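In what follows, a single structure is set out as structure tokens and then discussed.
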Amino acid sequence: MAIFDLIPLSTIQLHEQVASDFIRDLGKTVTLHYPAIRITCPNCYGGYTYNGTGPNPFPQGQPCSICGGTNNIAQAPESEDITCMVYMNPKDFIQYQDLTMQLQDGLMQIRGKMSDLIKVQRCNSCTVVAGIEGIQTMVWQKLGEAIPYGVRLQSEFLQTWKRKP
Ligand SMILES: [Zn+2]
Numbered sequence: 002m003a004i005f006d007l008i009p010l011s012t013i014q015l016h017e018q019v020a021s022d023f024i025r026d027l028g029k030t031v032t033l034h035y036p037a038i039r040i041t042c043p044n045c046y047g048g049y050t051y052n053g054t055g056p057n058p059f060p061q062g063q064p065c066s067i068c069g070g071t072n073n074i075a076q077a078p079e080s081e082d083i084t085c086m087v088y089m090n091p092k093d094f095i096q097y098q099d100l101t102m103q104l105q106d107g108l109m110q111i112r113g114k115m116s117d118l119i120k121v122q123r124c125n126s127c128t129v130v131a132g133i134e135g136i137q138t139m140v141w142q143k144l145g146e147a148i149p150y151g152v153r154l155q156s157e158f159l160q161t162w163k164r165k166p
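The numbering of the sequence shown is the numbering used here, which starts it at 2 and goes up by one.
Printed below as a string of structure tokens:
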């Protein structure tokens, strides 16, 4: 019988709730940056035909004045803030996905709520405001996959990041 089988589920749930409150109260703000998405040009059909409703009419057969003839434009990249525990020193890391990580500098680990994991998976970088002055912002890229974390219910996750050069 595993030790967890001896602990009532209500106790485990209480622990998970406390852990969640801990992140909420002591966590730091991490800004996730999502990749830019390309959307269909609002001004043309196929890049060389004005669509009749777009903001910049252009002569038939000329490249569209908005998209240059590609028929799609980049939407501004979005970002979103989450609150999580941030460990800047590898000695404080809770768990390593890979033992070689211990030897590397420029690593950071976050411990977040499972409900935020899908956002972390979608982003391609994040920023953490470092230092008391709050003026130096470091950009981080994911190193490996997130791993579930939590006593039993896996209500949290760990994600390790490498500082972007
Ligand atoms: Zn266009």
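Even for Gly, the Cβ is constructed at its ideal location relative to N, Cα and C.
All values reported here derive from a predicted model rather than from experimental measurement.
Cα-Cα separation, residue i to residue j
| i | j | result |
| --- | --- | --- |
| M89 | I13 | 28 Å |
| V140 | I111 | 14 Å |
| N73 | S11 | 52 Å |
| D93 | I38 | 36 Å |
| G28 | Q76 | 31 Å |
| P60 | P78 | 31 Å |
| L144 | C42 | 35 Å |
| G113 | I24 | 7 Å |
| M115 | G53 | 46 Å |
| C45 | Y51 | 4 Å |
| Q174 | G107 | A question about residue 174 goes unanswered here, because the residues of the chain that appear run from 2 up to 166. |
| H16 | N57 | 58 Å |
| M109 | Q155 | 21 Å |
| K163 | D26 | 25 Å |
| Y35 | C85 | 18 Å |
| K165 | P91 | 16 Å |
| V129 | T138 | 6 Å |
| Q142 | G62 | 43 Å |
Residue environment, residue i, which counts as buried when at least 16 other CB atoms sit within 10 Å
| i | result |
| --- | --- |
| S80 | exposed |
| C122 | A small fix is needed here, since residue 122 is Gln in this sequence, not Cys. Q122 should be labelled exposed. |
| D117 | buried |
| N125 | exposed |
| L7 | exposed |
| I67 | buried |
Residues near residue i in its chain [Cβ-Cβ closer than 6 Å; skip 5 each side]
| i | result |
| --- | --- |
| D82 | T30 and T32 |
| G55 | P43 and N44 |
Same chain, Cβ closer than 7 Å to residue i, neighbours up to 5 away in sequence not counted
| i | result |
| --- | --- |
| P64 | G48, Y49 and G70 |
| I40 | N73, I74 and Q76 |
| C127 | V31, T32, L33, H34, W141 and W162 |
| P9 | none |
| V87 | K29, V31, M109, I111 and V129 |
Own chain, CB closer than 8 Å to residue i, minus 5 neighbours either side, in chain order
| i | result |
| --- | --- |
| A147 | L118, V121, Q122, F158, L159 and Q160 |
Neighbour flag for residue i against chain C, beta carbons, 8 Å
| i | result |
| --- | --- |
| P91 | Within the model displayed, chain C is absent; a lone protein chain is all it includes. |
**Cβ pair count under 8 Å reaching 3, the region 138–157 against the region 20–29** = yes
**Request:** Could you pull out every unbroken alpha helix (DSSP H) segment of at least 4 residues lying fully inside the region 34–114, listed in chain order?
**Result:** none
**Item:** Entirely enclosed beta strand (DSSP E) segments - the region 9–35, minimum 3 residues
**Value:** 29–34
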